[in-house]
Amino acid sequence: MEIQPETKKLLEQLQQKFDGIDQDLNTHLEGLLHSEPITYWDYIQTDALLSLQIQRTNLPDEMVFIIYHQINELLFKMILWEIKQVSYHEELTVQFFSERLMRISRYFDMLTSSFNIMSEGMEIEQYLKFRNTLTPASGFQSAQYRKIEFASTDLINLIDARFRKTIDRNTSYEHALEHLYWQAAGKNFKTNKKSYLLSAFEEQYKNEFIIFTEEYNTINLYAKFKSLPKDVRENSDLRNAMRHYDYTVNVKWVMAHYNTAVRYLNHGKEPEAATGGSDWAKYMLPKYQKRIFFPDVWTPQEIEDWGQDV
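Numbering-wise (our numbering), the sequence shown opens with residue 5 and increments by one.
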């Protein structure tokens, strides 16, 4: 068989590749003789993926609830993947930074619009029955979402608004984590008593969160932005991308979540606690906490009015 020039070039490239990792090219080529062609279901791991939906009740709409939240977690993983590319990029350009931010925003746009699946796609009566089997679990306990926040901004911007003046860069990570805004969902700051929701969450993830916040302390999205030259920071495309991401995550996404909770937990009565017992109204509403990832791209008036237009 005559070896075509393009085949010869590929073999040379493969030889160079495997020489570089001290491997024998012929061994790997022989392995190809015995390997099976890849299929869609093997590559995507379809069977494994579709086996992960385990209901706790016989109520049909619980399946909607489970799959929806699993989709959220997959999108959160995609978001963290995009953030990592920016955080570890050594020579950031406006184009690269802006494009990744818009990718992330599109994921959150999808997450925000998809709340219709929850708000319109489940019977309230069914939800109020199967939710009792979920206590004390809560979407509050999504570790990936908390990591998205840590990787997006300086830790001070995630501190409960009541305690920000008491926290600075000399504060230990462990102490700072005790005063994050979402502690309000499961902690009585007068007694320092934590709910089981919060205690279980921290037992599982606190040490991991401390390591993660240390890792992203100087390479989170906001820190990367502030490290850029002044003329780059003032680029309108980049600033608009940051504003879009910030508002999408901290206002639109939060309010979509909040409005869905109101539909299912309020429904004309006094607000009920969420499954984990959290005071979801106070900790979720943007106007209370003013969660803002990138304060530098907003005017003082915009910050003052944060969350008031929804």
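Built from N, CA and C at the ideal position, the CB exists for glycine as well.
Identify the residues that DSSP records as bridge partners of residue i: which are they?
| i | result |
| --- | --- |
| LEU96 | For LEU96, which the question treats as bridged, DSSP gives no partner whatsoever. |
| ASN192 | LYS197 |
| ILE163 | LEU184 |
In its own chain, which residues sit with a C-beta less than 6 Å from the C-beta of residue i, not counting the 5 before and 5 after it?
| i | result |
| --- | --- |
| SER123 | THR264 and ARG267 |
| GLU86 | ARG104, ARG107 and ILE108 |
State buried or exposed for residue i, treating a residue as buried only when at least 16 other CB atoms are found within 10 Å of its CB.
| i | result |
| --- | --- |
| SER199 | buried |
| THR31 | exposed |
| PHE313 | According to the sequence shown, residue 313 is Asp rather than Phe. Classification of ASP313: exposed, given that the 10 Å Cβ count is below 16. |
| ARG104 | buried |
| ALA188 | buried |
| GLN293 | buried |
| PHE69 | buried |
| SER156 | buried |
| LYS194 | exposed |
| GLY125 | exposed |
| GLY24 | exposed |
| SER91 | buried |
| ASP26 | exposed |
| MET5 | exposed |
| PHE297 | buried |
What residue range does the alpha helix (DSSP H) around residue i cover?
| i | result |
| --- | --- |
| ASP28 | Where ASP28 is concerned, there is no enclosing alpha helix (DSSP H), given that its DSSP letter is neither H nor E. |
| GLN187 | Here GLN187 belongs to no alpha helix (DSSP H), and DSSP marks it neither H nor E. |
| PRO304 | 304-308 |
| PHE69 | 65-91 |
| ASN263 | 258-265 |
| PHE229 | 225-230 |
| TYR220 | Neither: TYR220 is in no alpha helix (DSSP H) and is coded neither H nor E. |
| ASN174 | It is not in any alpha helix (DSSP H) - ASN174 carries neither H nor E in the DSSP assignment. |
| ARG150 | 147-156 |
| ALA245 | 240-251 |
Measure the beta-carbon distance from residue i to residue j and round it to whole angstroms, keeping in mind my assumption that it falls under 8 Å.
| i | j | result |
| --- | --- | --- |
| ARG168 | ILE160 | 6 Å |
| ARG60 | PHE134 | 7 Å |
| THR217 | PHE154 | 5 Å |
| LEU79 | LEU53 | LEU79 to LEU53, Cβ: 14 Å. No contact. |
Ignore the nearest five residues each way along the sequence and tell me which others in residue i's own chain have a CB closer than 8 Å to its CB.
| i | result |
| --- | --- |
| PRO290 | ASN254, VAL255, VAL258, MET259, TRP310, GLY311 and VAL314 |
| VAL77 | Checking the displayed sequence, the identity of residue 77 turns out to be Glu instead of Val. Once the five neighbours on either side are set aside, the close Cβ partners of GLU77 are SER146 and GLN148. |
| ALA165 | TYR185, TYR292, GLN293 and LYS294 |
Going along the chain, which residues of its own chain have a beta-carbon closer than 7 Å to the beta-carbon of residue i, five neighbours each way excluded?
| i | result |
| --- | --- |
| SER55 | none |
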